[in-house]
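Below is one structure, written out as structure tokens, with a few remarks after it.
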């Protein structure tokens, strides 16, 4: 391509990698583990360096948006060649699907933003609209997900989940949980900008009851950042609140449980989970499974498991997205393959972990799940 990779690009390791692993966009590393449930070091609960118990902690620096979640950012350089290749693949009679796949499968988020911008400025057309007019079905979904970048992919997947008859609760959970406040805000702004309706309003119209309240609270995008200071007393308080809201009463205070989960950073949620099990001799996960059902149960478990180990969660998700014994949900499969590919070093680690878990090349399993043709070619080009 005619442009260099931008500094600090998407594949760069985060400042605090977990066990040498790269983190997906907008996710936090698991809490550092020390001796027992309450590590004595000041940073055990996400405290900033040098601020221990009894000291006034410094306010954490808010996480910036992930690469591709700032619509004003794009890579430097010249994408004229890519823009021309895309237009040539779609003009006239017929469509050169292979050419579209070759151009769109590999750019990082900022490079893709440059390609979109160049296509509009040079060709005078909208890349997404042209792709939609020339393709259909799962191929359209794959190519548009690539062309619009990670932020565009997220809002399109959400819009589809909230449109028509029924609600795709799994898709809503996939997109919104485990994301940084900055990325959630970017998703909200992009959604209303494109669809002229607030995401929270669509959530309210499609969800109901305590599940609706949970996602409305989540979309406030004020969950504590990963470096937010907390102490043992606040952990103990939240453990008691969770017990009082579940095991200690008849019925369940769903809003109270949601408030504790959404009011804790990932590091604190892990500490709460450990302290809860130590005090009540049952895991917080088991309590959630016993006290909740349906979408809210899955949302709470997703929040907890992502806090504990986001890498393992993504590996487990890919195993469920590409089942052995039944046909996959192609929309979800496409979403996850494209989402993971935006961070190549992280995708490589996911692929290696999948190989270890399954004992074989997961790419073969992925290929076998998709009928031969352009969709299979596109997905495998992205995966490899």
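Numbering (the UniProt record's numbering), first residue to last: 1 to 384. Every residue gets a Cβ at the ideal spot worked out from N, C-alpha and C, and that includes glycine.
How would you label residue i, buried or exposed, when you count the other beta carbons within 10 angstroms and need 16 or more for buried?
i	result
residue 153	buried
residue 258	buried
residue 361	exposed
residue 271	buried
residue 143	buried
residue 274	buried
residue 174	buried
residue 137	exposed
residue 355	exposed
residue 222	exposed
residue 121	exposed
residue 252	buried
If I follow the unbroken alpha helix (DSSP H) through residue i, where does it start and stop?
i	result
residue 365	362-369
residue 295	294-308
residue 157	149-162
residue 289	284-291
residue 211	209-219
residue 357	344-358
residue 193	181-195
residue 269	266-280
residue 118	109-118
residue 70	Run containing residue 70: none; DSSP gives neither H nor E here.
residue 204	199-206
Between the Cα of residue i and the Cα atoms of the options, which residue gives the shortest distance?
i	options	result
residue 391	334, 304, 307	With the chain covering only 1 through 384, there is no way to say anything about residue 391.
residue 78	118, 159, 69	118
residue 159	134, 130, 294, 197	197
residue 379	208, 84, 102, 191	102
residue 192	123, 156, 332	156
residue 215	280, 179, 356, 352	179
residue 133	94, 183, 295, 247	94
residue 374	219, 105, 265	105
residue 184	229, 87, 64, 302	64
residue 123	294, 80, 226	80
Taking the C-alpha atoms as reference points, what is the distance between residue i and residue j?
i	j	result
residue 75	residue 147	15 Å
residue 140	residue 261	37 Å
residue 189	residue 323	34 Å
residue 313	residue 300	13 Å
residue 371	residue 278	49 Å
residue 162	residue 250	34 Å
residue 344	residue 234	38 Å
residue 245	residue 276	13 Å
residue 201	residue 149	24 Å
residue 242	residue 256	8 Å
residue 172	residue 280	32 Å
residue 92	residue 115	21 Å
residue 349	residue 383	12 Å
residue 347	residue 107	14 Å
residue 390	residue 224	Residue coverage of the chain in this structure runs from 1 to 384, which leaves residue 390 outside it and unanswerable.
residue 110	residue 83	15 Å
residue 21	residue 340	With a pLDDT of 37 at residue 21, under the threshold of 50, the predicted position of this residue should be treated as unreliable, though the coordinate-derived value follows. Approximately 14 Å, taken between the alpha carbons.
residue 99	residue 85	7 Å
residue 352	residue 165	39 Å
residue 73	residue 97	28 Å
residue 187	residue 338	17 Å
residue 327	residue 145	21 Å
residue 112	residue 199	25 Å
residue 125	residue 87	9 Å
residue 204	residue 67	29 Å
residue 342	residue 168	23 Å
Helix, strand or coil for residue i per DSSP?
i	result
residue 253	coil
residue 78	strand
residue 62	coil
residue 326	coil
residue 312	helix
residue 225	coil
residue 48	Low confidence applies to residue 48: its pLDDT is 36, below 50, so where it sits in the model is not reliable, and the reading given next is rough at best. Three-state DSSP puts residue 48 in coil, outside helix and strand.
residue 106	coil
residue 333	helix
residue 178	coil
residue 92	coil
residue 231	coil
residue 137	helix
residue 384	coil
residue 30	Residue confidence for residue 30 is low, a pLDDT of 37 falling below 50, so the modelled location carries little weight; the figure read from the coordinates is stated next. Coil at residue 30, not helix or strand.
residue 376	helix
Does chain C have any CB closer than 9 Å to the CB of residue i?
i	result
residue 322	Here there is only one protein chain, and chain C is not present.
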